[in-house]
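*Asks:* The structure's right below; bear with me while I get my questions together.
There are 2 protein chains.
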Amino acid sequence: MIQFESIDSPLNINLCSFSTLLSHDPLSVSVGFSIIGGLITCKLVPEFKESFIKAKLTGKDLAKDDKEPPIPECMGVICATVYLVCMFFFIPFPFMEWFSGKGKISQSEEFHAPTFPHHKLGEFLAAMLSLQSMTFLGFADDIFDIRWRHKLFLPAIASIPILMVYYVNFGVTHIVVPIPLRFIFGRIIDLGFLYYVYMSMMAIFCTNSINILAGINGVEIGQSLVIACSIAINDFLFLNDADPAVEAHLFSLYFILPFIGVSFGLIIYNWYPSEVFVGDTYCYFAGMTFAVVGILSHFSKTVLLFFIPQIFNFIYSCPQLFRLVDCPRHRLPRFNPSENKLEYSRVKIQKPLKKPASFVLDLFELLRLVKVDKGETSIEVNNFTLMNLLLLKIGPLHERTLAILVVVIQILASCLSFYIRYHLVHFFYEVI
Amino acid sequence: MIQFESIDSPLNINLCSFSTLLSHDPLSVSVGFSIIGGLITCKLVPEFKESFIKAKLTGKDLAKDDKEPPIPECMGVICATVYLVCMFFFIPFPFMEWFSGKGKISQSEEFHAPTFPHHKLGEFLAAMLSLQSMTFLGFADDIFDIRWRHKLFLPAIASIPILMVYYVNFGVTHIVVPIPLRFIFGRIIDLGFLYYVYMSMMAIFCTNSINILAGINGVEIGQSLVIACSIAINDFLFLNDADPAVEAHLFSLYFILPFIGVSFGLIIYNWYPSEVFVGDTYCYFAGMTFAVVGILSHFSKTVLLFFIPQIFNFIYSCPQLFRLVDCPRHRLPRFNPSENKLEYSRVKIQKPLKKPASFVLDLFELLRLVKVDKGETSIEVNNFTLMNLLLLKIGPLHERTLAILVVVIQILASCLSFYIRYHLVHFFYEVI
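Here the protein sequences line up with chains A and B, keeping their order. Each residue of the first sequence is one higher than the one before, starting from 335 at the first, in this note's numbering. Each residue of the second sequence is one higher than the one before, starting from 335 at the first, in this note's numbering.
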């Protein structure tokens, strides 16, 4: 049986969805857990500040005066732990109807589970396991500063449980080819093993791409919240009993709603001026949540659409990430204390330039993506990140303004994604 | 259907078991992973020493000269992480036969899984999730020094996934009453919800009881290795295709063997004189491994039998743990540098004694479990731990000798447990 990402029109955005929402008991419970999770995070973060400072888990705010006291770092671990505990308590709820003997399994699933949907429970457990692994690894990274080349592959290891469950529950490795490419590949390609590679790559991408669009107050959680809300809105569009994908989108909501809750609980303290930093832990935790939901709910392409700013930032960063151009330890915008604003930061490259560096610089200059100042023995160029690019184009900005700008870009990108997903999709796929 | 811990005779300890062993492919793979896990731990621990010292995760060896440099603390996290990664890669192997289409499900399981044993995969995932949660919480405890009353309940939260899977896969809450008590309770009691409370209590007990029989070089891993080997030996006794419990004991072996592997990899550096400390992380990780295996393989009573020294130490410690008698921060034996030996440590209690304290002291003195020195305004008594008791009875010992002694006691206790489990059991249960 060939399954693929279900493609539907947005006509279902109506009150019907919301009445259906209320009829799904576990969903109401999930909303409850999300609110409770947010409140607990909100309460625990200030309580744990002292412990973090005592444990020397602190950082310096690079975009503030030197005199500021050190700020507790990697508080994302609190929010992730609250999330995981909430999910532990939530796991039984979607299965309540089976416990009370009222559970019914849809016809297509009958062959799986005549008495209890063990395969669905497996999905929950695997998703939790992957999320927890990634949180754990993120926390370890915050503490031990794991080497770049090692940490790149950690998400791949953390995604093993979901890939395993994907294999036994779905095992679908076919993709439907976009219409314009069908004259080459035909309608369906079986990627086989490569599909699993694609899914691990997705986990690697989601976690690391949030981690490199980071560094100023509130921006990590800001972008994650926009992505999470976009996923949740997309899920609500499918919450119609008649929709075959309703189960998958409920699964997604169960994971995304508490994520939104705990993230709100944390951003209160992380927004400008930050009282706490979120650390790599949060970025990994957030990225993995999106990857897990995308993979196990079969809309990985839609999730990736919500990552447009991250994809741009990643491609733009590649020359530095892959060391074609020198990459300093921090590529954050530079703080100008006299104006209390952030300016784009620059990197000095010694002449003579190597060929790839010179090619990249020429190309990016042609595309007006960089500003190159040529000196006698070296050249200076802005660091290749979205935030530096914004500061280059717009001029120096206050830290809060830059964070708001990034969030606004993320929101606009989400609007574009919805447009692509529900309108332009006609040019690429048949809409069922 | 009423299931209970299967009670079998030890007659199967024969070559047949070992030939069966080799015929179980996943078991050979598990042995392979255990060896690899041990080697990797052995390689990583010295490599990470510097990172731990840099991250200020260090401790002072209280039973050494003051001049010794600080020692990397909570290295158990390395061994637990290696274990978890090994298990991630191992998970598919027990299911290989289903992937190749050759899998067969035993008749009793047919109603569960006509196409794939999703319920078994669920057990693996839940076990991993509980183990990982406990490791994560242990690590957090090492870093943040979580309050005693909070950390007592962490294992209960970490055990939710296995309880959930226990509920849906087995749901058995009946216990068979020992013969001498049947005239009161009848042959079978249904504990209902209390059975789940019992299982969480077991997780709390296993993790914390190892954590309180700790503090001198090598003793945490030493006792855990003896318990793990005892569980493994007990599992091998059932590895006979005819035995109905073979699946459960294979499950247990898959979790215990890699644990033995990584623990050996770590004890090399933790045995006297320690180059690294294992931290609460290791104690929690070890305890949870035993609890998970006991619960999901249905031999929790047998696992508890292997905890005799820990049970004794716990009961003996109760007056201090529950603050009937003053409890100092550390109850470790006291180091005497002039003789390079450990002596029992003492606690001073101000007079007048409260009634419960006075009762406990009188009772323990009667049982010759304490040495009380009465002064005018206060009395001094040895701290209530197994190690202090040994030093009280035998006299001062070298640290290595004391660690060996604890391990020997653990081995003797295991021999006693096997005797109880396979001989005295006739007095309590019908042997099938």
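All C-beta atoms in this analysis are idealised placements derived from N, C-alpha and C, irrespective of residue type, glycine included. Note that the structure is a prediction, hence the values are computed from the model and not measured.
(1) Express the C-alpha separation of Val-759 (chain A) and Ile-645 (chain A) in angstroms, rounding to a whole number.
(2) To which residues of the same chain is Arg-521 (chain B) closer than 8 angstroms at the C-beta, ignoring the five residues directly before and after it?
(3) Here's the rule I'm using: 16 or more other beta-carbon atoms within 10 Å means buried, otherwise exposed. How should Arg-755 (chain A) be labelled?
(4) Under 8 angstroms between beta-carbons, which chain A residues line up against Leu-463 (chain B)? List them in chain order, please.
(5) Quick check for students: name the residue ranges of the alpha helix (DSSP H) that lie wholly in the segment 516-561 of chain B, counting only runs of 4 or more.
(6) Can you give me the C-alpha to C-alpha distance between Pro-428 (chain B) and Ile-601 (chain B), rounded to a whole angstrom?
(7) For the beta strand (DSSP E) containing Lys-377 (chain B), list its first residue and its last residue.
(8) My assumption, with CB atoms under 8 angstroms, is that Met-622 (chain B) sits in contact with Ala-537 (chain B). Please give the rounded CB distance.
(9) What runs of the alpha helix (DSSP H), each 4 residues or longer, lie entirely inside the segment 457-488 of chain A?
(10) DSSP beta-bridge partners for Leu-731 (chain B)?
(11) Where does Ile-425 (chain B) sit, in a helix, a strand or coil, going by DSSP?
(12) Looking at C-beta atoms only, is the number of pairs between the segment 686-700 of chain A and the segment 652-671 of chain A that lie closer than 8 angstroms three or more?
(13) Under 8 angstroms, Cβ to Cβ, is there at least one residue of chain A near Met-533 (chain B)?
(14) Less than 8 angstroms separating the beta-carbons of Tyr-606 (chain B) and Leu-720 (chain B)?
(15) Taking a contact to mean a Cβ-Cβ separation below 8 angstroms, would you say Phe-648 (chain B) touches Ile-546 (chain B) in this structure?
(16) From Tyr-501 (chain B) to Phe-504 (chain A), what distance separates their C-alpha atoms?
(17) Quick one, are the C-beta atoms of Ile-590 (chain B) and Ala-562 (chain B) less than 8 angstroms apart?
(18) Quick one: what's Thr-392 (chain B) bridged to in DSSP?
(19) I'd like to know if Ser-440 (chain B) contacts chain A, where contact means its C-beta is closer than 8 angstroms to some C-beta of that chain.
(20) Within 8 angstroms of any Cβ in chain D, is that where the Cβ of Phe-527 (chain B) sits?
(21) Using a Cβ cut-off of 7 angstroms, which residues of the segment 489-504 of chain B contact any Cβ in chain A, in chain order?
(22) Could you say if the segment 522-532 of chain A and the segment 459-466 of chain B meet the contact criterion of at least three C-beta pairs nearer than 8 angstroms?
(23) Nearest by alpha-carbon distance to Leu-528 (chain B): which of B:Cys-540, B:His-508, B:Val-553 is it?
(24) Give me the subset of the segment 420-432 of chain B whose CB atoms are less than 9 angstroms from a CB atom of chain A, sorted by chain position.
(25) Could you check which residue in B:Met-421, B:Pro-404, B:Phe-386, B:Ser-385 has the C-alpha nearest to that of Ile-594 (chain B)?
(26) Can you give me the C-alpha to C-alpha distance between Asn-604 (chain B) and Glu-554 (chain B), rounded to a whole angstrom?
(27) Under the assumption that Arg-406 (chain B) contacts Leu-396 (chain B) (Cβ atoms under 8 angstroms), give the Cβ distance between them as a whole number of angstroms.
(28) Any idea if Arg-702 (chain B) is buried or exposed, counting beta-carbon neighbours within 10 angstroms, 16 or more meaning buried?
(29) In chain B, which residues lie with their C-beta within 8 angstroms of the C-beta of Ser-385 (chain A)?
(30) Have a look at Phe-633 (chain A) and Val-580 (chain A) and give me their C-alpha separation to the nearest angstrom.
(31) Less than 7 angstroms between the CB of Leu-639 (chain A) and some heavy atom of the ligand ADP, yes or no?
(32) Mind checking the segment 721-746 of chain A against chain B and listing, in chain order, the residues whose C-beta falls within less than 7 angstroms of any C-beta there?
(33) Pull up the CB-CB distance for Ser-748 (chain A) and Val-560 (chain A), whole angstroms please, since I reckon it's below 8 angstroms.
(34) I'd like to know if Lys-390 (chain B) contacts chain A, where contact means its C-beta is closer than 8 angstroms to some C-beta of that chain.
(35) Given a cut-off of 8 angstroms on the beta-carbon distance, is the pair Cys-413 (chain B) and Ser-597 (chain B) in contact?
(36) If we define contact as Cβ-Cβ less than 8 angstroms, is His-768 (chain B) a contact residue for chain A?
*Replies:* Looking at the coordinates:
(1) It is roughly 19 angstroms from the alpha-carbon of Ile-645 (chain A) to the alpha-carbon of Val-759 (chain A).
(2) Result list for Arg-521 (chain B): Val-510, Val-511, in chain order.
(3) Counting Cβ neighbours within 10 Å, Arg-755 (chain A) comes out buried, since at least 16 surround it.
(4) By Cβ distance, chain A contributes Leu-459, Met-462, Leu-463, Gln-466.
(5) Within the segment 516-561 of chain B, the complete alpha helix (DSSP H) runs of at least 4 residues are 516-519, 527-546.
(6) Pro-428 (chain B) and Ile-601 (chain B) have their C-alpha atoms roughly 29 angstroms apart.
(7) For Lys-377 (chain B), there is no enclosing beta strand (DSSP E); the residue is part of the alpha helix (DSSP H) that begins and ends at 359-388.
(8) About 6 angstroms; that satisfies the 8 angstroms criterion.
(9) Listed in chain order, the complete alpha helix (DSSP H) runs (minimum 4 residues) inside the segment 457-488 of chain A are 482-485.
(10) In the DSSP secondary-structure assignment, Leu-731 (chain B) is bridged to B:Leu-676.
(11) In the structure shown, Ile-425 (chain B) sits in coil (DSSP, three-state: anything other than H, G, I, E or B).
(12) In short, these stretches touch, since the Cβ pair count reaches three.
(13) It does not; no Cβ of chain A falls within 8 angstroms.
(14) Taking 8 angstroms as the Cβ cut-off, Tyr-606 (chain B) and Leu-720 (chain B) do not qualify as a contacting pair.
(15) Yes; because the gap between Cβ atoms is below 8 angstroms, this pair is in contact.
(16) When rounded, the distance between both Cα atoms is 25 angstroms.
(17) Contact flag set, yes.
(18) According to DSSP, Thr-392 (chain B) bridges with B:Pro-406.
(19) Low confidence applies to Ser-440 (chain B): its pLDDT is 47, below 50, so where it sits in the model is not reliable enough to give any reading.
(20) The chain labelled as chain D is not found among the protein chains of the depicted structure, namely A and B.
(21) Those would be Ile-491, Ile-494, Pro-495, Met-498, Val-502, in chain order.
(22) Touching, no, given that fewer than three Cβ pairs across the two stretches are closer than 8 angstroms.
(23) When each option's Cα is compared against that of Leu-528 (chain B), the closest is B:His-508.
(24) Those would be Phe-422, Phe-423, Ile-425, Pro-426, Phe-429, Trp-432, in chain order.
(25) With distances taken between Cα atoms, Ile-594 (chain B) lies closest to B:Met-421.
(26) One C-alpha to the other measures close to 9 angstroms.
(27) Before going further, note that residue 406 (chain B) is Pro rather than Arg in the sequence given. Actually they are not in contact, since the Cβ atoms of Pro-406 (chain B) and Leu-396 (chain B) sit about 16 angstroms apart, beyond 8 angstroms.
(28) Exposed: under 16 other Cβ atoms inside 10 Å.
(29) Chain B residues near Ser-385 (chain A): Phe-478, Asp-479.
(30) When rounded, the distance between both Cα atoms is 12 angstroms.
(31) Because no ligand of any kind appears in the structure shown, any question about the ligand ADP cannot be addressed here.
(32) Hits within the stretch: zero.
(33) Your pair Ser-748 (chain A) and Val-560 (chain A) checks out as a contact, with CB atoms roughly 6 angstroms apart and the cut at 8 angstroms.
(34) So, interface residue.
(35) For Cys-413 (chain B) and Ser-597 (chain B), yes; Cβs fall inside 8 angstroms.
(36) With chain B covering only 335 through 766, there is no way to say anything about residue 768 (chain B).
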